[in-house]
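Below is one structure, written out as structure tokens; the observations come after it.
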Amino acid sequence: YEADFTKNGAYHNAWTSDYSVCYEAECADFEWERILNLERIAITSPMFNEEELKSEKGNVKAELTGYMNDYARLLWPRLQKDIGEEVPHLKERLATINNIELKDIREHNRRTHTAKNMRFIIAGQIKHRKKEILRNLEDWDLKEGRRFEIPKDKLHSSPAVLVKRKDASNITFGFSMVTPRRLSIQETQAMGALNHILNGTMSSRIFGQARKRGLVYGMGSGINSSKHYSSWDFDGEVNLETADELFSLIQVEMVRALNGEISDEEIEAVKTYAQGRYQMGAQTVSQISDYYTDDYFMTEKVELYDDFPQIIKEINKPSIVELAREFAGSGIHAFVAVGSVEKAVINQLAESLNF
Numbered sequence: 053y054e055a056d057f058t059k060n061g062a063y064h065n066a067w068t069s070d071y072s073v074c075y076e077a078e079c080a081d082f083e084w085e086r087i088l089n090l091e092r093i094a095i096t097s098p099m100f101n102e103e104e105l106k107s108e109k110g111n112v113k114a115e116l117t118g119y120m121n122d123y124a125r126l127l128w129p130r131l132q133k134d135i136g137e138e139v140p141h142l143k144e145r146l147a148t149i150n151n152i153e154l155k156d157i158r159e160h161n162r163r164t165h166t167a168k169n170m171r172f173i174i175a176g177q178i179k180h181r182k183k184e185i186l187r188n189l190e191d192w193d194l195k196e197g198r199r200f201e202i203p204k205d206k207l208h209s210s211p212a213v214l215v216k217r218k219d220a221s222n223i224t225f226g227f228s229m230v231t232p233r234r235l236s237i238q239e240t241q242a243m244g245a246l247n248h249i250l251n252g253t254m255s256s257r258i259f260g261q262a263r264k265r266g267l268v269y270g271m272g273s274g275i276n277s278s279k280h281y282s283s284w285d286f287d288g289e290v291n292l293e294t295a296d297e298l299f300s301l302i303q304v305e306m307v308r309a310l311n312g313e314i315s316d317e318e319i320e321a322v323k324t325y326a327q328g329r330y331q332m333g334a335q336t337v338s339q340i341s342d343y344y345t346d347d348y349f350m351t352e353k354v355e356l357y358d359d360f361p362q363i364i365k366e367i368n369k370p371s372i373v374e375l376a377r378e379f380a381g382s383g384i385h386a387f388v389a390v391g392s393v394e395k396a397v398i399n400q401l402a403e404s405l406n407f
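Laid out in structure tokens, this is it:
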């Protein structure tokens, strides 16, 4: 199967998130039908056996064990759990592997891989092919099933958390502010504009200044939305001797943004950057597909890619400031760090973020 799938250069992959099992494939235009049919076979007629399960359990165990040494990957599952999400952290995930049996895999597949629970995004040269593609998908041998609802957890703030690692030479940190609703695409882009101003480039307010001062090699911020929540996340790595100065800078620039100290020039620069990214994205099929993924898979809404330039034009300071204040005032905040320092150091850094 694998050799046949990739013989003309096609690519495929599968992965899981907190909510989904995702499949993707990318291929040359001339073989789209062959590849779609091979995907159909994999999804509708999977072959489960003990030998492959044993191998895959070993692979997953090795992968998760590797993540234990990736401090950035340690942060977020721990943060999610500490604010109330029903998400197992890495040690808990590792502990479940030996208990998984073939019957569990078959039962999970039976319940989840159904017509009502699947969603598809297909991008490419589909002119004159839409009806044929739809007929192909409608012929897939899937039980009707049902659409699963994404659970809604009761979130709350958490005290600062230190994941102690004696061999850590610096502090890897992450902090989040959560609002209990999903942002619209317009709101997501407005917050994306603020993240660009704060951390997007070497001339940005936090990351850019920090690099110029030699405080940090890398840090960033972003917006993540699920069906019921949206989080404003910051992360980075910093040496102990420059941590206080970095967090003082973060505090100052966050307060400035929350007070509306954003210039018209900064807003226009963000719009120009976003317009360029939009045009670059239109040059590749995968980026067009990615644009639709979050909203469609999570809410089944279709926000047309062609409408994106208008969304960019509508970015404005009042909406940015209002959204930033919503996150800062949400009452759901968390701070997690990985390092060899004492807990008091992490508490002090977390307490310095007072906005």
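The sequence shown runs 53 to 407 under this note's numbering. The beta-carbon is built from N, C-alpha and C at its ideal position, and this holds for glycine as well.
- Cα atoms of E115 and D316: separation of roughly 46 angstroms, rounded to the nearest angstrom.
- For K353, the secondary structure class from DSSP, reduced to helix, strand or coil, is coil.
- M271 is bridged by DSSP to G288.
- As computed with DSSP, M229 is found in a beta bridge with W284, H385.
- Taking G383 as the centre and dropping the five residues before and after it, the same chain places the C-beta of S209 closer than 7 angstroms to its C-beta, in chain order.
- Here E239 is buried, its C-beta having at least 16 other C-beta atoms within 10 Å.
- With respect to F407, V307 sits close: the two C-beta atoms are nearer than 7 angstroms.
- By the beta-carbon neighbour count (other beta carbons within 10 angstroms, threshold 16), I202 is exposed.
- In this structure, DSSP gives G110 a helical state, which the three-state scheme calls helix.
- Between the segment 308-327 and the segment 214-226 there are fewer than three C-beta pairs closer than 8 angstroms, too few to call the two in contact.
- Counting C-beta atoms within 10 angstroms of its own C-beta, I149 has fewer than 16 neighbours from the protein chains shown and is therefore classed as exposed.
- With respect to the C-alpha of R86, the residue from F57, V390, A124 having the closest C-alpha is F57.
- In the three-state reduction of the DSSP assignment, T68 falls in the strand class.
- For V373, no beta strand (DSSP E) run applies; the uninterrupted alpha helix (DSSP H) run containing it begins and ends at 369-380, by DSSP.
- Straight-line measurement puts the Cα of V390 at about 11 angstroms from the Cα of M120.
- Excluding five sequence positions before and after L105, the CB atoms of its chain that fall closer than 7 angstroms to its own CB belong to L154, I157, given in chain order.
- Between K204 and R234, the alpha-carbon positions lie close to 12 angstroms from each other.
- Contact check for F172 and L189: beta-carbon distance about 6 angstroms, within the 8 angstroms limit, so the pair qualifies.
- Annotation for F360: Y330 place their beta carbon closer than 7 angstroms to its own, counting only its chain and skipping 5 residues before and after.
- According to the DSSP assignment, E78 belongs to the beta strand (DSSP E) that extends over 73-78.
- The residue among R145, Q339, K369, S282 with its C-alpha nearest the C-alpha of I249 is K369.
- The beta-carbon separation of A242 and L375, rounded to 6 angstroms, stays under the 8 angstroms limit for a contact.
- Close CB contacts of G260 within its chain, under the 7 angstroms cut and outside five residues either way in sequence, are with T253, M254 (chain order).
- Boundaries of the beta strand (DSSP E) harbouring V215: 213-216, taken from the DSSP string.
- Per DSSP, reduced to three states, the secondary structure at S221 is coil, with no helix or strand assignment.
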